[in-house]
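Visitor: One structure follows; several queries about it will come next.
Chains as they are written, first to last, in this note's numbering: chain A, 41 to 307; chain B, 41 to 307.
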């Protein structure tokens, strides 16, 4: 329990290569990945409510530890904890393996700091059928409990990687044949124009900048094109995750129109 | 001050037909609507920081009242108040006036309870160029301070109306010639199919259901079509505001492709 509690700190997560995932939904998704779940802490109440999960843990040799509500609360920062916290192993995805599968669509967060935003981008990328998400630069840790929660299970569905330097990530993605599009309000090309021109049908990596200051000029310059989501009304801007969803879905639609039979995740 | 403080309660807002808008950005947007702002409460610090707003209020006869930080904090529920709270008159939009202008795109929230979600839908609708947003059924009050904040100024950009009964709203919108599309995961038609078939180019009202339980069958049955946002990957669902953005932008794009020269907000 004490060891698990230390996983609320990033430094411990990095040294132990383990993290905490909260709630029965996240546990169910994590159990679908063999070897991911180390052990489970649950309240007595949650234990009686989630017999299927207790049994799934028993059948795969994952320890299920009953604790009282107060003890469980020390593992989570939510106001109304869901009664179940899983200790999980890092998913240990590698960019080389992702790129070797010739992905059609990848999302990159360039120094996205807010856990809710990063988690929402991961969830959107999963919905749009992206092959991976890279949290680059000074982006939040993907194993931060708020990120894990905001992905609503998607963290366990597609590779989510950290990469320290945005420019290196962009170079690696370009080198693998992906067209790199930066989403930014300053873009000379609108998302509709990008779709109409056929640009979005190509294998693409979208890069989304920080929620407050966007992307610095030197990072924008690395992209093949800078694309803006058009504002047709009077709103000043769109929320980061909303803009990301519009860009990723525009690519998914263009790629599916160009290759109707393709599964869409590889080329 | 005491009267302003009572506007944090819905009943008082309804009887006084006034509400509170927090922050310099919201005040700037509200001042753009003649007669909207009644008075402004601001901390001494915010008063020295926002000379342009002090002058704009002076030139239009809006009282600017300096108060201390503790007093201002009683008008807001944010942890870090932005130092400025405006007392505003209700915007008093009428559905008849909205429909008389022959809108191309309207968004309806059907019993959306979460203020952050409703505010995000209003912001997306504004960005997509929708002509109005109707908060129908048991949806949250559009003048709730959390809604006002989540719209990031968009509450002042397009008509946002309340309507007590979803079925009556749908009937009114249909009667004015709008095609009513319900966004729901159960839809037999995907958003891409709706776009490809030309359906989205028509004048459209999109209806979005409650964040937890969606739309009840009897409300879905009122729509001309039920449309689902396709999930290409493994995500279980999309956040309400994200789904709304994808639907509204798909309509905006289809309508602009069909009528390249049109302003897009009227037909």
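Each residue gets a CB set at the ideal place from its N, CA and C atoms; glycine is no exception.
Quick caveat: nothing in here was measured; it's all calculated off a predicted structure.
How about residue 45 of chain B and residue 80 of chain B: are their beta carbons less than 9 Å apart?
Guide: The residue you call residue 45 of chain B lines up with position 5 of the second chain. The residue you call residue 80 of chain B lines up with position 40 of the second chain. No, they are not a contact pair.
Visitor: Count Cβ pairs between the segment 119–126 of chain B and the segment 189–200 of chain B that sit closer than 8 Å; are there 3 or more?
Guide: Not touching, per the Cβ criterion.
Visitor: Just to confirm the assignment, what range does the alpha helix (DSSP H) spanning residue 293 of chain B have?
Guide: For the purposes of this step, residue 293 of chain B is taken as the residue at position 253 of the second chain. Residues 280–298.
Visitor: Residue range of the beta strand (DSSP E) that residue 11 of chain B falls in?
Guide: No statement about residue 11 of chain B is possible, as the shown extent of chain B runs from 41 to 307 and does not include it.
Visitor: Note down, in chain order, all residues in the segment 149–180 of chain A with a beta-carbon under 8 Å from any beta-carbon belonging to chain B.
Guide: Cβ contacts with chain B come from 160, 163, 164, 165, 166, 167, 168, 169 and 170.
Visitor: Within a Cβ cutoff of 8 Å, which residues of the same chain sit near residue 219 of chain B, ignoring the five residues on either side of it in sequence?
Guide: If you number the second chain from 1, residue 219 of chain B lands on position 179. 239, 242, 243, 244, 245, 264 and 265, listed in sequence order.
Visitor: Would you please verify whether the beta carbon of residue 197 of chain A is less than 9 Å from any beta carbon of chain B?
Guide: Within the first chain, the letter at position 157 stands for residue 197 of chain A. Taking Cβ atoms only, chain B reaches closer than 9 Å to residue 197 of chain A, which makes this a yes.
Visitor: Curious, which full-length beta strand (DSSP E) runs of at least 3 residues does the segment 187–215 of chain B contain?
Guide: 200–203, all fully within the segment 187–215 of chain B.
Visitor: Can you list the residues of chain B that residue 90 of chain A reaches, using a CB-CB cut of under 9 Å?
Guide: Start at 1 with the first residue of the first chain, and residue 90 of chain A comes out as number 50. Correct list: empty, because the minimum Cβ distance to chain B is about 17 Å.
Visitor: Assuming residue 268 of chain A and residue 230 of chain A make a contact with CB atoms under 8 Å, what is their CB distance in whole Å?
Guide: Within the first chain, the letter at position 228 stands for residue 268 of chain A. Within the first chain, the letter at position 190 stands for residue 230 of chain A. The pair is a contact, with the Cβ atoms about 6 Å apart (cut-off 8 Å).
Visitor: Taking 9 Å as the threshold (beta carbon to beta carbon), is residue 278 of chain A in contact with chain B?
Guide: Here the question's residue 278 of chain A lines up with position 238 in the first chain. So yes, residue 278 of chain A belongs to the interface.
Visitor: Out of curiosity, what's the CA-to-CA distance linking residue 248 of chain B and residue 71 of chain B?
Guide: Here residue 248 of chain B refers to the residue found at position 208 when the second chain is read from its first residue. Here residue 71 of chain B refers to the residue found at position 31 when the second chain is read from its first residue. Residue 248 of chain B and residue 71 of chain B: Cα-Cα distance of roughly 31 Å.
Visitor: Starting from the beta carbon of residue 282 of chain A, find every residue of chain B whose beta carbon is closer than 7 Å, and list them in chain order.
Guide: Within the first chain, numbered from 1, the residue matching residue 282 of chain A stands at position 242. 164, 281, 282 and 285, listed in chain order.
Visitor: Does the separation of the CB atoms of residue 288 of chain B and residue 145 of chain B fall below 9 Å?
Guide: Here residue 288 of chain B refers to the residue found at position 248 when the second chain is read from its first residue. Here residue 145 of chain B refers to the residue found at position 105 when the second chain is read from its first residue. In contact: residue 288 of chain B and residue 145 of chain B (Cβ atoms closer than 9 Å).
Visitor: Taking the alpha helix (DSSP H) that residue 244 of chain A belongs to, which residues open and close that run?
Guide: Here residue 244 of chain A refers to the residue found at position 204 when the first chain is read from its first residue. Note, residue 244 of chain A: premise wrong, no alpha helix (DSSP H); beta strand (DSSP E) at 244–248.
Visitor: Examine chain B for any beta-carbon lying closer than 9 Å to the beta-carbon of residue 274 of chain A, and answer yes or no.
Guide: Start at 1 with the first residue of the first chain, and residue 274 of chain A comes out as number 234. Output row for residue 274 of chain A: interface = yes.
Visitor: Just verifying my parser: in three-state terms, what is the DSSP assignment at residue 93 of chain A?
Guide: Position 53 of the first chain, counted from the first residue, corresponds to residue 93 of chain A. Here residue 93 of chain A sits in helix by DSSP.
Visitor: How many Å lie between residue 59 of chain B and residue 203 of chain B at the Cα?
Guide: In the second chain, counting from the first residue as 1, residue 59 of chain B sits at position 19. In the second chain, counting from the first residue as 1, residue 203 of chain B sits at position 163. Those two C-alpha atoms are separated by around 18 Å.
Visitor: Just to make sure I have the definition right: I need the residues of chain A whose C-beta is within less than 7 Å of the C-beta of residue 193 of chain B. Which are they?
Guide: On the second chain, position 153 is the one that residue 193 of chain B refers to. Neighbours of residue 193 of chain B on chain A, chain order: 276.
Visitor: Grab me the residues of residue 166 of chain B's own chain with a C-beta within less than 6 Å of its C-beta, minus the 5 sequence neighbours each way, in chain order.
Guide: Indexing the second chain from 1 puts residue 166 of chain B at position 126. Excluding positions up to five away in sequence, the list reads 194, 197 and 198.
Visitor: Just to check my reading of the structure: residue 64 of chain B and residue 93 of chain B have Cβ atoms closer than 8 Å, yes? What is that Cβ distance to the nearest angstrom?
Guide: Residue numbering aside, residue 64 of chain B sits at position 24 when the second chain is read from its first letter. Residue numbering aside, residue 93 of chain B sits at position 53 when the second chain is read from its first letter. So it is a contact: roughly 6 Å between Cβ atoms.
Visitor: From the DSSP output, in three-state form, read off residue 62 of chain A for me.
Guide: In the first chain, the residue the question calls residue 62 of chain A occupies position 22. It is a strand residue.
Visitor: Nearest to residue 113 of chain B by CA position, among B/192, B/221 and B/41, is which residue?
Guide: The residue labelled residue 113 of chain B in the question sits at position 73 within the second chain. With distances taken between Cα atoms, residue 113 of chain B lies closest to B/41.
Visitor: Here's the rule I'm using: 16 or more other beta-carbon atoms within 10 Å means buried, otherwise exposed. How should residue 234 of chain A be labelled?
Guide: Taking the first residue of the first chain as position 1, residue 234 of chain A is located at position 194. Buried, by the Cβ-count rule.
Visitor: For residue 272 of chain A, count the other beta carbons within 10 Å of its own beta carbon; 16 or more makes it buried, fewer makes it exposed. Which is it?
Guide: To locate residue 272 of chain A, count along the first chain from 1; it is residue 232. By the neighbour-count rule (16 or more Cβ atoms within 10 Å), residue 272 of chain A is buried.
Visitor: Check each residue of the segment 254–265 of chain B: if its Cβ is closer than 9 Å to any Cβ of chain A, include it; give the result in chain order.
Guide: Of all residues in the segment 254–265 of chain B, none has a Cβ within less than 9 Å of some Cβ in chain A.
Visitor: Using a Cβ-Cβ distance cut-off of 9 Å, determine whether residue 108 of chain B contacts chain A.
Guide: Along the second chain, one-based indexing puts residue 108 of chain B at 68. It does not: the Cβ of residue 108 of chain B has no partner Cβ on chain A nearer than 9 Å.
Visitor: Measure the alpha-carbon distance for residue 124 of chain B versus residue 68 of chain B and round it to whole angstroms.
Guide: On the second chain, position 84 is the one that residue 124 of chain B refers to. On the second chain, position 28 is the one that residue 68 of chain B refers to. Roughly 11 Å separates the two Cα atoms.
Visitor: Quick one: give me the first and last residue of the alpha helix (DSSP H) that residue 161 of chain A is part of.
Guide: As a working note, residue 161 of chain A is residue 121 in the first chain. Where residue 161 of chain A is concerned, the enclosing alpha helix (DSSP H) stretches over 155–167.
Visitor: Can you say whether residue 137 of chain A is buried or exposed, counting buried as having 16 or more other CB atoms within 10 angstroms of its CB?
Guide: The residue you call residue 137 of chain A lines up with position 97 of the first chain. So residue 137 of chain A ends up on the exposed side.
Visitor: Apart from the five residues just before and just after residue 164 of chain A, which ones in its own chain have a Cβ nearer than 7 Å to its Cβ?
Guide: Looking up residue 164 of chain A in the first chain gives position 124. Cβ neighbours of residue 164 of chain A beyond the five flanking positions: 281, 284, 285 and 288.
Visitor: Kindly list the residues whose CB is nearer than 6 Å to the CB of residue 177 of chain A, restricted to its own chain and excluding five residues on each side of it in sequence; keep chain order.
Guide: Counted from its first residue, the first chain places residue 177 of chain A at position 137. If we look at residue 177 of chain A and ignore the five residues flanking it on each side, its Cβ neighbours are 150, 151 and 206.
Visitor: Determine which residues share a DSSP beta bridge with residue 83 of chain A and list them.
Guide: Here the question's residue 83 of chain A lines up with position 43 in the first chain. Answer is A/107.
Visitor: Could you check whether residue 147 of chain A and residue 107 of chain A sit closer than 9 Å to each other, using their CB atoms as the reference points?
Guide: Taking the first chain and counting its residues from 1, the one referred to as residue 107 of chain A is at position 67. Taking the first chain and counting its residues from 1, the one referred to as residue 147 of chain A is at position 107. Taking 9 Å as the Cβ cut-off, residue 107 of chain A and residue 147 of chain A do not qualify as a contacting pair.
Visitor: Whole angstroms are fine: how far does the CA of residue 187 of chain B sit from the CA of residue 160 of chain B?
Guide: Start at 1 with the first residue of the second chain, and residue 160 of chain B comes out as number 120. Start at 1 with the first residue of the second chain, and residue 187 of chain B comes out as number 147. So the alpha carbons of these two residues sit roughly 8 Å apart.
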